[in-house]
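Visitor:
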DNA sequence: CATGAATGAGTATTCATTCAT
DNA sequence: CATGAATGAATACTCATTCAT
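Residue numbers (my numbering), protein chains in the order written: chain A, 7 to 205; chain B, 7 to 205; chain C, 7 to 205; chain D, 7 to 205.
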């Protein structure tokens, strides 16, 4: 019964490894099949094509990551500790995923690109909610600099300080650069705040 | 100058545009040749293969960028204005280049990968020197928080606050994660400094 | 009668429909199995391979057709009415079957091709017998132009005027063209007889 | 210069032979390339894909055929001789082409199917014009049975007596069967006229 | 008997690179 | 130098057939 599920998982895990290592277009189904030690045709019994397999790999990886992050933060108490974890935990994941995400944006047919963006927006939304919770905690405890409490502060933090890979989903680069323009002052402000002498 | 030099430049410019737009593996020599309006074989008179052409495109783009940045900052006076420019100017470039750099890291044979890294280290070194000059200016004017004046502060700033794409050159991800571990405290420190209330 | 016979028939009917619609090579066993709502492997319990299934479908369809035609003609009285029916009834069937027959001739391994031809010759023989009966009726009533009463007149009529698909079974095209040469005079004769003014 | 044209022709001729022998879907590009003794990739320098190669083969064959037929008939004098040739000459071609045409109708993507139909309609139009010319000659000489001089008599002759393969281009089989219904009386009439005793 | 997962040979197509002219 | 035809290895995907359960 669960044998089929197990094999699907096996293929998915192998594919995830190879996609992470070599990227979407440089990973062939031959390689995935060989590494899973099954026939090429068998892969197609579980995933209708390469793009869907890739999508499944991305989805699984993101879900795993988010669950880990959520439990990790829930186990901590103080505002500073939670924020610390929120910054530290995702970095490795971001670095591992980013290249694949980026490359896929250039390799995938438009329909998948759209689904990929939608999926990432959902992921981004969950990350923003979590960050908002943490910052609210800090704000309630009177720890936060109030002139940073603008509506899109969470977005700026997520995108710029946490290397949120959602940036890289940008398809319309023009719009993206407009956003940079808008956010830039806040980035510089936080950065200079952070390095300039107090008093 | 000479006709040959001009033609080489023409190919290089076309290739740069196309590589930037579609990435390394999704840009074919057929397209480059067609866009340059020369024969495909002619490209091979100027560049021994696709990888070398890509390397040359990267090199040229970085040089252009660095020269622009350098002149821009030299024209400004105050520490804050220079730092502001140092943060703002590269962002667009970084975003435009990053995907290509990343994809190339997965597409290029090892020999080129090594050269690519060496080249990028050189670029990184020039960026670090420029940043050091600017921070020295701030430090000399007594503006900088002194407990941030550690040796590798410039590296941290370059990599994390400026989206220095040198990060993404990481081949040995283990070593890279060690470095994250090391730098992490400083990132959090600056970030919390920046967002926490003073006093 | 038995359950097994019913299931065999179910598969055969589905296969016949699909082969008629999409041709031999464009109909996959997956589709046949799905349309029959049984497992693909089950088909192989009833038919040893795709070719045999196709042969059975052809055989069944031809038998059905021949029985309908025979009964139809037996119910009519006059020579002209019978001949009329003999021309009219097969046309639709011929058009529906021809493409599949043709395609199968190019798709089937030689062993099946031979059996297919043998089978078609049998069908052709039954058709010729029926036509002979009808023409004998006309001849006996003194209706037929006697210089057309040569031995192979029935063959010519069957092949050329009734779109008898047996022509298309030709494997050895050389022999077939010889036959055309032989028959041609008769075809032209009937045709010109039919369109030229009398008197 | 003409070397490219010659090679294109070589490929086209080989393809025509193989398509004629094995049909569209059972002829692989590997086989075509091997039979032409060139590399598979080379075929793609001359024809963008298998369908276009097939279309080119059909087109060439039809043009050749039509030119031969036209010259042949122009060289003859009497009405009967011309009509004789019009019936006799196309038969071999029709038999050679029909199977391929039919199979392609089941194998080609819709865009090509449309082009194929358009092309065949043009071919059909040329055949009809030629037949009209011949029949006008007969009519002017008072040779033709006048109650057959209806408008669509040429079409009927072309489709039913000459095995005009245009029939087989039928995509909408319903409409086609309607046409059979309509034409049927005329077919029977000519046929019975042809075989029944005069007087 | 019924199932459907596993197989692997086969197919069209792409593209970096070579080389004769 | 310039050309562009020729090459062939590589790739995603299909499908008839087998076989363990």
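Heads up, the beta-carbon is just placed ideally off N, CA and C, and yes, glycines get one too.
Pull up the distance between the alpha-carbon of residue 56 of chain B and that of residue 36 of chain B, whole angstroms please.
Guide: Residue numbering aside, residue 56 of chain B sits at position 50 when the second chain is read from its first letter. Residue numbering aside, residue 36 of chain B sits at position 30 when the second chain is read from its first letter. So the two alpha carbons sit approximately 11 Å from each other.
Visitor: Taking the alpha-carbon of residue 203 of chain C as reference, which of D/86, D/76, D/41, D/114 has the nearest alpha-carbon?
Guide: Numbered from 1 along the third chain, position 197 holds the residue referred to as residue 203 of chain C. Of D/86, D/76, D/41, D/114, the residue nearest in Cα terms is D/86.
Visitor: On the CB-based measure, 16 or more other CB atoms within 10 Å of its CB, does residue 29 of chain B come out buried or exposed?
Guide: Here residue 29 of chain B is taken as the residue at index 23 of the second chain, counted from 1. Looking at its Cβ environment, which holds 16 or more other Cβ atoms inside 10 Å, residue 29 of chain B is buried.
Visitor: Just list the residues that DSSP pairs residue 150 of chain C with in beta bridges.
Guide: Walking along the third chain from the start, residue 150 of chain C turns up at place 144. In the DSSP output, where bridge partners are listed per residue, residue 150 of chain C has D/202.
Visitor: Please state the DSSP three-state secondary structure of residue 11 of chain D.
Guide: In the fourth chain, counting from the first residue as 1, residue 11 of chain D sits at position 5. Note: residue 11 of chain D maps to helix in three-state DSSP.
Visitor: Can you find at least 3 beta carbon pairs, one from the segment 74–84 of chain C and one from the segment 45–59 of chain C, that sit closer than 8 Å?
Guide: Result no; under three Cβ-Cβ pairs closer than 8 Å.
Visitor: According to DSSP, is residue 127 of chain A part of a helix, a strand, or is it coil?
Guide: Counting from one through the first chain, the residue named residue 127 of chain A turns up at place 121. Reduced to three states, the DSSP call for residue 127 of chain A is helix.
Visitor: In its own chain, which residues sit with a C-beta less than 8 Å from the C-beta of residue 174 of chain B, not counting the 5 before and 5 after it?
Guide: Locating residue 174 of chain B in the second chain gives position 168, where the first residue counts as 1. Low per-residue confidence applies at residue 174 of chain B: pLDDT is 49, beneath 50, and the placement is therefore not dependable enough to give any value.
Visitor: Which same chain residues, not among the five before or five after residue 162 of chain A, have their C-beta less than 6 Å away from its C-beta?
Guide: The count along the first chain starts at 1 and reaches residue 162 of chain A at position 156. Closer than 6 Å at Cβ, skipping near neighbours: 189, 192.
Visitor: If the cut-off is 7 Å on Cβ atoms, which residues from the segment 23–38 of chain A count as contacting chain B, listed in chain order?
Guide: Within the segment 23–38 of chain A, the qualifying residues are 28, 29, 31, 32.
Visitor: Any residues in the segment 50–66 of chain C with a beta carbon nearer than 9 Å to a beta carbon of chain D? Which ones, in chain order?
Guide: From the segment 50–66 of chain C, no residue has a Cβ closer than 9 Å to chain D.
Visitor: Can you find a CB in chain B that lies within less than 7 Å of the CB of residue 47 of chain A?
Guide: Residue mapping note: residue 47 of chain A aligns to position 41 of the first chain, counting from 1. Answer no: the Cβ-Cβ gap between residue 47 of chain A and chain B never drops below 7 Å.
Visitor: So residue 86 of chain A contacts chain B; which residues on that side make the cut at Cβ distance below 8 Å?
Guide: Your numbering for residue 86 of chain A matches position 80 in the first chain. Neighbours of residue 86 of chain A on chain B, chain order: 198.
Visitor: Given this structure, state the Cα-to-Cα distance separating residue 19 of chain B from residue 63 of chain B, to the nearest angstrom.
Guide: The count along the second chain starts at 1 and reaches residue 19 of chain B at position 13. The count along the second chain starts at 1 and reaches residue 63 of chain B at position 57. Straight-line Cα distance between these residues: approximately 7 Å.
Visitor: Looking at C-beta atoms only, is the number of pairs between the segment 89–98 of chain D and the segment 127–147 of chain D that lie closer than 8 Å three or more?
Guide: The segment 89–98 of chain D vs the segment 127–147 of chain D: in contact.
Visitor: The alpha helix (DSSP H) spanning residue 53 of chain A covers which residue range?
Guide: The sequence position of residue 53 of chain A within the first chain is 47, counting from 1. From DSSP, residue 53 of chain A is part of no alpha helix (DSSP H); its letter is neither H nor E.
Visitor: Using a Cβ cut-off of 9 Å, pull out every chain A residue sitting near residue 203 of chain B, in sequence order please.
Guide: Indexing the second chain from 1 puts residue 203 of chain B at position 197. Neighbours of residue 203 of chain B on chain A, chain order: 148, 149, 150, 151, 152.
Visitor: Express the C-alpha separation of residue 201 of chain B and residue 148 of chain A in angstroms, rounding to a whole number.
Guide: Translated into the one-based positions of the first chain, residue 148 of chain A becomes position 142. Translated into the one-based positions of the second chain, residue 201 of chain B becomes position 195. Cα to Cα, residue 148 of chain A sits roughly 12 Å from residue 201 of chain B.
Visitor: Consider the Cβ of residue 44 of chain A: report whether some Cβ of chain B lies at a distance smaller than 7 Å.
Guide: Within the first chain, numbered from 1, the residue matching residue 44 of chain A stands at position 38. No, residue 44 of chain A does not count as interfacial toward chain B.
Visitor: From D/51, D/53, D/31, D/25, pick the residue whose C-alpha is nearest to that of residue 41 of chain D; which is it?
Guide: Here residue 41 of chain D refers to the residue found at position 35 when the fourth chain is read from its first residue. For the residues D/51, D/53, D/31, D/25, the minimum Cα distance to residue 41 of chain D belongs to D/25.
Visitor: What are the start and end residues of the alpha helix (DSSP H) that includes residue 159 of chain B?
Guide: Working through the second chain from its first residue, we reach residue 159 of chain B at position 153. Where residue 159 of chain B is concerned, the enclosing alpha helix (DSSP H) stretches over 159–162.
Visitor: What is the DSSP secondary structure of residue 44 of chain D, reduced to helix, strand or coil?
Guide: Taking the first residue of the fourth chain as 1, we reach residue 44 of chain D at position 38. Reduced to three states, the DSSP call for residue 44 of chain D is coil.
Visitor: Determine the contact status of residue 32 of chain A and residue 113 of chain B, defining contact as a CB-CB distance below 7 Å.
Guide: By 1-based counting over the first chain, the position of residue 32 of chain A is 26. By 1-based counting over the second chain, the position of residue 113 of chain B is 107. Cβ atoms of residue 32 of chain A and residue 113 of chain B: closer than 7 Å.
Visitor: At a CB-CB cut-off below 7 Å, which residues of chain B make contact with residue 194 of chain A?
Guide: Position 188 of the first chain, counting from 1, holds the residue named residue 194 of chain A. Correct list: 90, 93.
Visitor: If we count the other Cβ atoms within 10 Å of its Cβ and call it buried at 16 or more, is residue 115 of chain B buried or exposed?
Guide: Here residue 115 of chain B refers to the residue found at position 109 of the second chain. Per the 10 Å Cβ criterion, exposed.
Visitor: At a Cβ threshold of 7 Å, is residue 78 of chain B touching chain A?
Guide: Sequence index remark: in the second chain, residue 78 of chain B carries index 72 (1-based). Residue 78 of chain B does not count as touching chain A.
Visitor: Can you tell which of C/70, C/12, C/66 has its C-alpha closest to the C-alpha of residue 44 of chain C?
Guide: As a position in the third chain, residue 44 of chain C is number 38, starting the count at 1. Closest by alpha carbon: C/12.
Visitor: Looking only at its chain, what residues have a beta carbon closer than 8 Å to the beta carbon of residue 66 of chain A, apart from the 5 residues adjacent to it on each side?
Guide: Translated into positions along the first chain, residue 66 of chain A becomes position 60. The answer, listed in chain order, is 18, 22.
Visitor: Please work out which residues of its chain come closer than 6 Å, Cβ to Cβ, to residue 150 of chain B, disregarding the five sequence neighbours upstream and downstream, and give them in chain order.
Guide: Along the second chain, one-based indexing puts residue 150 of chain B at 144. These residues qualify, in order along the chain: 144.
Visitor: Enumerate in chain order the residues of its own chain whose CB-to-CB distance from residue 14 of chain C is below 6 Å, with the five nearest sequence positions on each side excluded.
Guide: Reading the third chain from its first residue, position 8 is the one you call residue 14 of chain C. Here the set comprises 52.
Visitor: Below 8 Å on the Cβ atoms is my guess for residue 134 of chain C versus residue 160 of chain C; work out the distance and round it to an integer in Å.
Guide: The residue given as residue 134 of chain C occupies position 128 in the third chain. The residue given as residue 160 of chain C occupies position 154 in the third chain. Contact flag correct, Cβ pair sits at about 5 Å.
Visitor: By Cβ distance, which residues of its chain are closer than 6 Å to residue 129 of chain A, with the 5 residues on each side in sequence left out?
Guide: Within the first chain, numbered from 1, the residue matching residue 129 of chain A stands at position 123. So the qualifying residues of the chain are 68.
Visitor: Taking the straight line between their C-alpha atoms, what separation do you get for residue 122 of chain C and residue 195 of chain D?
Guide: Taking the third chain and counting its residues from 1, one reaches residue 122 of chain C at position 116. Taking the fourth chain and counting its residues from 1, one reaches residue 195 of chain D at position 189. C-alpha separation (whole angstroms): 34 Å.
Visitor: If you draw a straight line from the C-alpha of residue 79 of chain A to the C-alpha of residue 185 of chain B, how long is it?
Guide: Position 73 of the first chain, counted from the start, is the residue given in the question as residue 79 of chain A. Position 179 of the second chain, counted from the start, is the residue given in the question as residue 185 of chain B. About 23 Å.
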